[in-house]
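Student: First the structure, which I've put down as structure tokens, then a few questions once you've had a look.
In full-length UniProt numbering, the protein residues as written are 1 to 569.
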């Protein structure tokens, strides 16, 4: 079977597939309580800003402890208070409450590598807030910080099949960010290591095992969710296992030859080869009741190109595009615990302090420079995995162009490829002692929050982007997006100079993959910032109030869940 990595992920990212429990197999114990509300909005009370309370200690690049690893002396919200009791209930279409189980390789914040972890946590939290019963099933990676799990307890011991033997397996239950999580821990070497991915075990074998173990746990415990929502290639074998679990076969217990046809799971790229291979992701698409990708534009792109396009076209009746949301409980500049100062669209003073704080800490502003002077220089931030998909040549070019335009730029990210990592290490050595550019080859959740808060612009030049979260998070924190028009970026960012989209206008967009196209967008963004400060501030306030939350997006998932359940019943 073919692991969906490398070349394949360069062609397509299917965010999720769903498998509802079939009526003949399980009894449904459905609650009939109506959903009284779908989402709530929060009231912010703005106080007069007190710049001397509390007193910030300005960081320095020579500090023994990096500033993003320190605790701040802030005890209030720096001028913005959150009234948790002022939630306003809004009505939404009523649906029967459901039991939804997510099966996933990632979950924020405990097992987060990329956007998948954010998506799972955000969607689960939004569904819970509607009254649905939600579980997340996750491998119990050795690297998971157990102190971030509350009420952790062993709930089940059972055996799960792998490669001719039954593996003793434990299931634990706990709460992560108030979301119920079931952790699957086999007694063998799977999921051991210092990181979520890249352990000394075969990942394909491990995730096939995990997918089967999740189903066996449901069978052993009599758990009967209405919807099983599986995410990405790691768990896409689960639909095949679910429908044909009684077949005996290979390592997972399935007879792979039964699926080696074009209409099922054979990888067309290997037809005529010896051996031909199966694609787990293709099998998941074929065997699921619904398939979702993470933006409407990306849905169109995937049906027009890539080796899976014919499979998606033939299954287009069940293929939908739903934009991701962002978890506004985590990404909220008015309450963010990682920020040295809080702020909101109606009070941006805290954003200026965050910008100055970050620049002082990274050596981009000197101790004798005035805050007002430093905040008048545009700061561009790029937070990304350093892989080809993300437009590396444009990121490298942007560093030079931003400096030429009189701005500053900070890049935060890691490269899984050693050659790319070494190239950026060379660039970091070249730029990190200079006055304008900082390249931080790492990932830090704390620092990413600070950088979004500090940024005037967030830069996302992806070659393809199924959805993208950086542009939405950036807008939430008042960073105007500069993006390439592709996938979810095209669905969420609309150019300031497009006369047909003035009502939606919220950023700067370029279409080409060349440096000249990028130059035009950067030049326009810098011109707005420098020449039209009042208009720029209005843009910042506007984008901070755009609702890209999961509360807004999850309604489409709930409607899809309900339609699947109704069709199966």
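Built from N, CA and C at the ideal position, the CB exists for glycine as well.
Is it buried or exposed for residue 373, if we count other Cβ within 10 angstroms and need 16 for buried?
Tutor: exposed
Student: Would residue 354 be called buried (16 or more neighbouring beta carbons within 10 Å of its own) or exposed?
Tutor: buried
Student: Leaving out five residues before and five after residue 108 in sequence, what residues of the same chain have Cβ atoms less than 6 angstroms from its Cβ?
Tutor: Hits under 6 angstroms: 117, 118 and 121.
Student: What separation, rounded to the nearest whole angstrom, lies between the Cα atoms of residue 485 and residue 468?
Tutor: 12 angstroms
Student: Does DSSP put residue 457 in a helix, in a strand, or in coil?
Tutor: strand
Student: Just to confirm, is the Cβ distance from residue 386 to residue 415 under 7 angstroms?
Tutor: yes
Student: Going straight from the alpha carbon of residue 363 to that of residue 320, what length do you get?
Tutor: 46 angstroms
Student: With distances taken Cα to Cα, identify the nearest neighbour of residue 195 among 139, 159 and 449.
Tutor: 139
Student: Go ahead and pull the three-state DSSP assignment for residue 545.
Tutor: coil
Student: May I ask you to report which of helix, strand or coil DSSP gives residue 382?
Tutor: strand
Student: Work out the CA separation of residue 491 and residue 406 for me, nearest whole Å.
Tutor: Each residue's alpha carbon lies about 30 angstroms from the other.
Student: Let me know if residue 328 comes out buried or exposed under the rule of 16 or more other beta-carbons within 10 Å of its beta-carbon.
Tutor: buried
Student: Hey, could you find the ends of the beta strand (DSSP E) residue 175 is sitting in?
Tutor: 165-176
Student: Spell out a yes or no on whether the region 146-166 and the region 190-209 are touching, meaning 3 or more CB-CB pairs, one atom from each, closer than 8 angstroms.
Tutor: yes
Student: Reducing DSSP to helix, strand and coil, say where residue 148 ends up.
Tutor: helix
Student: By a C-beta neighbour count over all protein chains shown, 10 Å radius and 16 as the cutoff for buried, is residue 358 buried or exposed?
Tutor: buried
Student: Assuming residue 466 and residue 311 make a contact with CB atoms under 8 angstroms, what is their CB distance in whole Å?
Tutor: Not confirmed; about 17 angstroms, so no contact.
Student: Using CA atoms only, rank isn't needed, just tell me which of 280, 199 and 200 is closest to residue 234.
Tutor: Minimum Cα distance to residue 234 is reached at 280.
Student: So, are the CB atoms of residue 471 and residue 483 less than 7 angstroms apart?
Tutor: Cβ atoms of residue 471 and residue 483: closer than 7 angstroms.
Student: Helix, strand or coil for residue 319? Go by DSSP, reduced to three states.
Tutor: In the three-state scheme derived from DSSP, where H, G and I count as helix and E and B as strand, residue 319 is classed as strand.
Student: Counting pairs of beta carbons, one from the region 501-509 and one from the region 322-336, are three or more of them closer than 8 angstroms?
Tutor: no
Student: Report all residues from its chain with a CB closer than 8 angstroms to the CB of residue 537; omit the five preceding and five following residues, and keep chain order.
Tutor: Taking residue 537 as the centre and dropping the five residues before and after it, the same chain places the C-beta of 348 closer than 8 angstroms to its C-beta, in chain order.
Student: Over the uninterrupted beta strand (DSSP E) stretch that includes residue 412, give me the two end residues.
Tutor: 408-412
Student: Which residues share a DSSP beta bridge with residue 438?
Tutor: 410
Student: Below 7 angstroms between beta carbons: does that hold for residue 394 and residue 440?
Tutor: The Cβ-Cβ distance between residue 394 and residue 440 does not fall below 7 angstroms.
Student: I'd like the list of long-range same chain contacts for residue 450, defined as Cβ closer than 7 angstroms, with 5 residues on each side in sequence excluded.
Tutor: Counting only Cβ-Cβ distances below 7 angstroms, and skipping sequence neighbours, we find 68, 338, 339, 354 and 358.
Student: For residue 301, is the classification buried or exposed, using 16 other Cβ atoms within 10 angstroms of its Cβ as the cut-off for buried?
Tutor: Counting Cβ neighbours within 10 Å, residue 301 comes out buried, since at least 16 surround it.
Student: For residue 495, is the classification buried or exposed, using 16 other Cβ atoms within 10 angstroms of its Cβ as the cut-off for buried?
Tutor: buried
Student: With DSSP run on the structure shown, which of helix, strand or coil describes residue 495?
Tutor: Correct three-state label for residue 495: strand.
Student: Do the CB positions of residue 377 and residue 459 come within less than 7 angstroms of each other?
Tutor: Cβ atoms of residue 377 and residue 459: not closer than 7 angstroms.
Student: Does the Cβ-Cβ distance between residue 285 and residue 315 come in under 7 angstroms?
Tutor: For the pair residue 285 and residue 315, the CB atoms are nearer than the 7 angstroms cut-off.
Student: Give me, in chain order, the residues of the same chain whose beta-carbon lies closer than 6 angstroms to that of residue 32; leave out the 5 immediate sequence neighbours on both sides.
Tutor: Residue placement at residue 32 is flagged as unreliable, the pLDDT there being 32, under the threshold of 50; the coordinate-derived value follows with that caveat. Cβ neighbours of residue 32 beyond the five flanking positions: none.
Student: So the candidates are 185, 551 and 424; which of them puts its Cα closest to the Cα of residue 384?
Tutor: Taking only the C-alpha atoms, the option nearest residue 384 is 424.
Student: Could you please give the first and the last residue of the uninterrupted alpha helix (DSSP H) stretch that includes residue 519?
Tutor: DSSP places residue 519 inside the alpha helix (DSSP H), whose first and last residues are 515-531.
Student: Which same chain residues, not among the five before or five after residue 336, have their C-beta less than 6 angstroms away from its C-beta?
Tutor: 449
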